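Chains as they are written, first to last, in the working numbering: chain E, 54 to 594; chain F, 834 to 998.
In this text, a Cβ means the ideal position worked out from N, Cα and C, and glycines have one as well.
Note that this is a predicted model, so its numbers are computed, not measured.
Worksheet: one structure, shown below.
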Amino acid sequence: MRRLLDWLEHRTGLETAVKNFLYEDIPASSGWHQIIGSMAVFFFLIQGVTGALLAFNYAPTPGDAYNSVRYIMTELTGGRLIRGLHHWGASMMIVVVVLHMLQVFLFGAYKKPREATWMMGVVLLLITLGFGLTGYLLPWDNRAYWGTVVTTRIAAGAPLLGPYLVRLLGGEGIGVVTFARFFALHVVLLPPLTLILIGIHIYLVRKHGVAPAADDTAPKQKFYPAQVFKDTVGCAIAFLILFLMAAFVDLPLEKLADPTDTSYIPRPEWYFLFLFQTLKAFKGPLEVVGSTVLPGIAVLFLFCVPFIDRGPMVRLGKRVFAISFAALALLGWGGLTTAAILTTPKNPVGGRSPSFNPAQLSDWQLLSPAELAGLTYFRSENCIACHPGPGKKGVGPDLTQMPANHRNPAWMVPHFKAPAEVVPGSAMPPVRLKDSELNALSLFVLRLTPENEMDLLSAPVYAVKGATLYQDSHCSACHQLRGNGMKIGPALDGVGDRHDRAWLEQHFKDPKSVSKDSKMPAYRFDAEQMDAICNYLLQMP
Amino acid sequence: MKETEQTGAPTRRSFYLGFIYGLWGAITAAVAIPAGVYLFFPPNARKGAEWIDASDLGSIPQDVPTEVSFQRKRVDGWKVTSEKATAWIVRRPEDKVVAFAPQCTHLGCAYHWEAQDHAFVCPCHNSEFSADGVVLGGPAPRPLDRYQVKVEDGRIKIGSLEPHA
Numbered sequence: 054m055r056r057l058l059d060w061l062e063h064r065t066g067l068e069t070a071v072k073n074f075l076y077e078d079i080p081a082s083s084g085w086h087q088i089i090g091s092m093a094v095f096f097f098l099i100q101g102v103t104g105a106l107l108a109f110n111y112a113p114t115p116g117d118a119y120n121s122v123r124y125i126m127t128e129l130t131g132g133r134l135i136r137g138l139h140h141w142g143a144s145m146m147i148v149v150v151v152l153h154m155l156q157v158f159l160f161g162a163y164k165k166p167r168e169a170t171w172m173m174g175v176v177l178l179l180i181t182l183g184f185g186l187t188g189y190l191l192p193w194d195n196r197a198y199w200g201t202v203v204t205t206r207i208a209a210g211a212p213l214l215g216p217y218l219v220r221l222l223g224g225e226g227i228g229v230v231t232f233a234r235f236f237a238l239h240v241v242l243l244p245p246l247t248l249i250l251i252g253i254h255i256y257l258v259r260k261h262g263v264a265p266a267a268d269d270t271a272p273k274q275k276f277y278p279a280q281v282f283k284d285t286v287g288c289a290i291a292f293l294i295l296f297l298m299a300a301f302v303d304l305p306l307e308k309l310a311d312p313t314d315t316s317y318i319p320r321p322e323w324y325f326l327f328l329f330q331t332l333k334a335f336k337g338p339l340e341v342v343g344s345t346v347l348p349g350i351a352v353l354f355l356f357c358v359p360f361i362d363r364g365p366m367v368r369l370g371k372r373v374f375a376i377s378f379a380a381l382a383l384l385g386w387g388g389l390t391t392a393a394i395l396t397t398p399k400n401p402v403g404g405r406s407p408s409f410n411p412a413q414l415s416d417w418q419l420l421s422p423a424e425l426a427g428l429t430y431f432r433s434e435n436c437i438a439c440h441p442g443p444g445k446k447g448v449g450p451d452l453t454q455m456p457a458n459h460r461n462p463a464w465m466v467p468h469f470k471a472p473a474e475v476v477p478g479s480a481m482p483p484v485r486l487k488d489s490e491l492n493a494l495s496l497f498v499l500r501l502t503p504e505n506e507m508d509l510l511s512a513p514v515y516a517v518k519g520a521t522l523y524q525d526s527h528c529s530a531c532h533q534l535r536g537n538g539m540k541i542g543p544a545l546d547g548v549g550d551r552h553d554r555a556w557l558e559q560h561f562k563d564p565k566s567v568s569k570d571s572k573m574p575a576y577r578f579d580a581e582q583m584d585a586i587c588n589y590l591l592q593m594p
Numbered sequence: 834m835k836e837t838e839q840t841g842a843p844t845r846r847s848f849y850l851g852f853i854y855g856l857w858g859a860i861t862a863a864v865a866i867p868a869g870v871y872l873f874f875p876p877n878a879r880k881g882a883e884w885i886d887a888s889d890l891g892s893i894p895q896d897v898p899t900e901v902s903f904q905r906k907r908v909d910g911w912k913v914t915s916e917k918a919t920a921w922i923v924r925r926p927e928d929k930v931v932a933f934a935p936q937c938t939h940l941g942c943a944y945h946w947e948a949q950d951h952a953f954v955c956p957c958h959n960s961e962f963s964a965d966g967v968v969l970g971g972p973a974p975r976p977l978d979r980y981q982v983k984v985e986d987g988r989i990k991i992g993s994l995e996p997h998a
């Protein structure tokens, strides 16, 4: 072993390099308050390892991303834990980086000659936030999609640079291009950039030495092992917290991103909530102040801290202004974040969605499940290609203006099956679906009017899917909804007023466990189906 | 010793070292073990194998290996796709049916039936197999892999691959 090490030392100088690194002189005043920088590097490594592990089973396109994340979480042993480590690790990383900055700020460790070290640290903070922002989109669930819609709109509002930023992020709408850009930033560009900058940051720390306390005249000590021990304990405690969170705290993965879901309330990740709240204070043309001017000034201020405060190093106790400033900033941040949490309504995790307003229903909410299920086939058969809807001229006739004698399924279903036989000369291709599906399609078409056509055709995907599942599972054999179905079980109109999401889900899985005398059989929906049918039912008046 | 002056008594130093190595060992294990499980354990199986209707028994001549193709569902990670698959079916006397997977057991090339040699021949490295799938020559390490197969109402149904011995 010794010979191998000697050989390695002779050829590479590795042992000397490691020794130089470990036996660096640090001030006698170094201690527990200086462990946070090491913790930040540690969390960066954790994010790198868990991120690479996730990437082994992740498909970076909007078509597959969601399913692959679901696959990681539900079908791969340990997948949930790995994603948990990465997800909560991101939050921990932000906390640690901010604490590190706060410590350096409070101790005045940015003072001459350490200005560049501080500024490099500010860049690293911004990059850490960039990781959070770009990673947020990657699961491609509703949370990711809508959160990023807001982010890109904010970027678009930036003075001068707005349009260029939008183009850089892949254009106005969030689709495959934006997704690819976010993925490339998160996985290809930012990690090596961060590594290089961390390298420079650590080089600068070493070059100028760890900042000593103002009155520290004691002989220097070595970094290893006393300080390494403290760093290790810090990392281990933080890792334990992260591991417990990954193992036991619910991991968010909402339903698949649905750009038509108008009931969704976008929410950024918790560390951006203060910005989100600041934005609310600025309306109209002043919005740009909250979205870019103020954050811009804050970042500029952070950069300039070493040049604003140029006095000599003093003891922490004497830095009254710095301490009050940091306390105020923390208080402001905490206040804004709390206000954001308190004032934004909850998304439909239980019961009604906050946007549910019985006095202002969408037209699709007035349809029976059978009618709404017809929209599935209307979409899958691409009927809209020839019947394009309000105000547009298509190959086929306007479906809202059919003659009265065509307005019943008995005429429509045979027409779907063999159009030219029912309407001689019709160029419409036969619709090859099961009779029950053709019937649903006709029921849907029959509900179209010039007034509701636009709204019905843009009904959210989850609702249409839920209604179709409702039909396919023959729920109407026992339940009534919007006047259709049997009365063996309770009517489901307004079920969201009586039960929340968790109750519904449990009731599908094991009806007797929440409703003792229920005669309903258990339904084995997969997670996506469960989402669709619960969200659909919760939206019905 | 110099280090004793700088970092305290040797006992304190060994206490530090024990903690440093112990904690980093634990952290590494806490990441590496789940990572190993995540990478090496197979995904939770989704559904049991299903039987696919492959061909009409009557259309397969006796003792002449016949290639049939069929559509089967393939669970590929997070995707379930329908793909074309083939099998070499050999119908034995008394309607006993064997279905071979269409790849050579050497390196996975597609083999074919040579009627005059009365053998399956692989074009890559000339492995040869009998109509029973037994290796006759070449580098193939084991007999041809077989699908589970059953005959119902005169139709040949193909199941999943039998594990090879």
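Review point. Using a C-beta cutoff of 9 Å, does E:Val123 count as contacting chain F?
Key: The sequence as given places Arg at residue 123 of chain E; Val does not occur at that position. Chain F contact via Cβ: present.
Review point. If you follow the beta strand (DSSP E) that F:Thr919 is part of, which residue opens it and which one closes it?
Key: Counting along the chain, the unbroken beta strand (DSSP E) around F:Thr919 starts and ends at 912-925.
Exercise for review: Determine the direct distance from the alpha carbon of E:Pro113 to that of E:Val240, and round the result to whole angstroms.
Suggested key: So the alpha carbons of these two residues sit roughly 10 Å apart.
Review point. Do E:Thr270 and E:Thr231 have their CB atoms nearer than 9 Å?
Key: Against a cut-off of 9 Å, the Cβ pair of E:Thr231 and E:Thr270 comes out as no contact.
Review point. Hey, which unbroken runs of the alpha helix (DSSP H) at 4 residues or more fall wholly within the segment 384-472 of chain E?
Key: Counting only runs of 4+ residues, the alpha helix (DSSP H) found wholly inside the segment 384-472 of chain E occupies 422-433, 462-470, in chain order.
Point to revise | Contact check, E:Ala203 vs E:Pro321, beta carbons under 9 Å | key: Checking the sequence, you will find Val at residue 203 of chain E rather than Ala. A contact, by the Cβ cut-off of 9 Å.
Review point. For a contact meaning CB atoms closer than 7 Å, what does E:Pro278 contact in chain F?
Key: Among the residues of chain F, those whose CB is under 7 Å from the CB of E:Pro278 are Thr840, Arg846, Tyr849, Leu850, Ile853, following chain order.
Check your understanding: Going by C-alpha distance, which of E:Arg64, E:Val175, E:Asp584 is nearest E:Gly349?
Key -> For E:Gly349, the nearest C-alpha among the options comes from E:Val175.
Practice item. Measure the alpha-carbon distance for E:Lys225 versus E:Ile394 and round it to whole angstroms. Key: The sequence shown places Glu at residue 225 of chain E, not Lys. Here the alpha carbon of E:Glu225 sits roughly 28 Å from the alpha carbon of E:Ile394.
**Study point:** Where E:Ser526 falls: helix, strand or coil (DSSP)
**Key:** Here E:Ser526 sits in coil by DSSP.
Review point. Residues bridged to E:Asn537 by DSSP?
Key: Answer is E:Leu534.
Practice item. Specify, as a first and last residue, the run of the alpha helix (DSSP H) that E:Ile86 falls within. Key: In the sequence under discussion, the amino acid at residue 86 of chain E is His, which differs from the Ile named in the question. In the DSSP annotation of this structure, E:His86 is not part of any alpha helix (DSSP H), being labelled neither H nor E.
Practice item. Keeping to the same chain, check which residues put their C-beta closer than 7 Å to that of E:Gly403; ignore five residues upstream and five downstream. Key: For E:Gly403, the pLDDT reaches just 46, beneath the cut-off of 50, and the residue's location in the model is therefore unreliable, although a value from the coordinates is still provided. Taken in chain order, the residues that qualify are Asp553, Arg554, Ala555.
Review point. What is the residue span of the alpha helix (DSSP H) that E:Phe360 lies within?
Key: Start and end: 347-361.
Review point. Helix, strand or coil for E:Lys569 per DSSP?
Key: DSSP places E:Lys569 in coil when its eight states are reduced to three.
Check your understanding: Just checking, does the segment 433-452 of chain E make contact with the segment 514-527 of chain E on the three C-beta pairs under 8 Å criterion?
Key -> Contact between the segment 433-452 of chain E and the segment 514-527 of chain E is not established, with fewer than three Cβ pairs separated by less than 8 Å.
Exercise for review: Starting from E:Phe236, trace the alpha helix (DSSP H) both ways and give me its first and last residue.
Suggested key: Here the alpha helix (DSSP H) through E:Phe236 covers 229-236.
Exercise for review: Grab the span of the alpha helix (DSSP H) containing E:Gly142 for me, first residue to last.
Suggested key: Looking at the DSSP string, the run of the alpha helix (DSSP H) that includes E:Gly142 is 132-160.
Check your understanding: Of all Cβ atoms in chain E, is any one closer than 9 Å to the Cβ of F:Lys912?
Key -> It does: the Cβ of F:Lys912 has a partner Cβ on chain E nearer than 9 Å.
Point to revise | For F:Tyr980, the residue or residues it bridges with in DSSP | key: F:Tyr980 pairs with F:Ala932, F:Leu994.
Point to revise | Length of the line joining the Cα atoms of E:Tyr163 and E:Val342 | key: Answer to the nearest angstrom: the Cα atoms are 29 Å apart.
Review point. F:Leu856 touches chain E at which residues, Cβ-Cβ below 8 Å?
Key: Neighbours of F:Leu856 across chain E, judged by C-beta separation under 8 Å: Thr285, Val286, Cys288, Ala289.
Point to revise | Those runs of the alpha helix (DSSP H) which lie wholly inside the segment 260-310 of chain E and span at least 4 residues | key: Whole alpha helix (DSSP H) segments, 4+ residues: 281-301.
Exercise for review: Give the interface partners of E:Ala463 over in chain F, defined as CB-CB distance under 9 Å, in chain order.
Suggested key: Ordered by position in chain F, no residue passes the 9 Å Cβ test against E:Ala463, which lies about 35 Å from the chain.
Check your understanding: Contact check, E:Ala81 vs E:Lys273 under 8 Å by CB: the rounded distance?
Key -> Contact flag correct, Cβ pair sits at about 6 Å.
Check your understanding: So what's E:Gly337 in DSSP terms, helix, strand or just coil?
Key -> It is helical.
Practice item. Could you tell me the distance, in whole angstroms, from the CA atom of E:Asp550 to the CA atom of E:Leu496? Key: For the pair E:Asp550 and E:Leu496, the Cα-to-Cα distance works out to about 27 Å.
**Study point:** Limits of the alpha helix (DSSP H) - the one that E:Ala580 falls within
**Key:** Membership of E:Ala580 in the alpha helix (DSSP H) is indicated by the continuous run 580-591.
**Study point:** Under 9 Å between C-beta atoms of E:Ser415 and E:Ala512
**Key:** Yes, they are a contact pair.
Exercise for review: Would you mind stating whether E:Thr130 and F:Val870 have Cβ atoms separated by less than 9 Å?
Suggested key: It is a contact, given that the beta carbons lie within the stated cut-off.
Review point. If you draw a straight line from the alpha carbon of F:Ala964 to that of F:Gly992, how long is it in whole angstroms?
Key: So the two alpha carbons sit approximately 20 Å from each other.
Review point. Out of F:Ile853, F:Pro926, F:Ile989, which has the shortest C-alpha to C-alpha gap to F:Ser892?
Key: Among F:Ile853, F:Pro926, F:Ile989, the Cα nearest to that of F:Ser892 belongs to F:Ile989.
Point to revise | Alpha carbon of F:Glu883 to alpha carbon of E:Pro564, nearest angstrom | key: Spanning the two alpha carbons is a distance of roughly 29 Å.
Review point. What residue does the beta strand (DSSP E) around F:Thr899 start on, and which one ends it?
Key: For F:Thr899, the uninterrupted beta strand (DSSP E) segment begins and ends at 899-909.
Practice item. Work out the CA separation of E:Val517 and E:Lys428 for me, nearest whole Å. Key: In the sequence as displayed, the identity of residue 428 of chain E is Leu instead of Lys. If you draw a straight line from the Cα of E:Leu428 to the Cα of E:Val517, it is about 7 Å long.
Practice item. Report the option in E:Asn588, E:Asn458, E:Glu307 whose CA atom is closest to the CA atom of E:Asn120. Key: Nearest of E:Asn588, E:Asn458, E:Glu307 to E:Asn120, Cα basis: E:Glu307.
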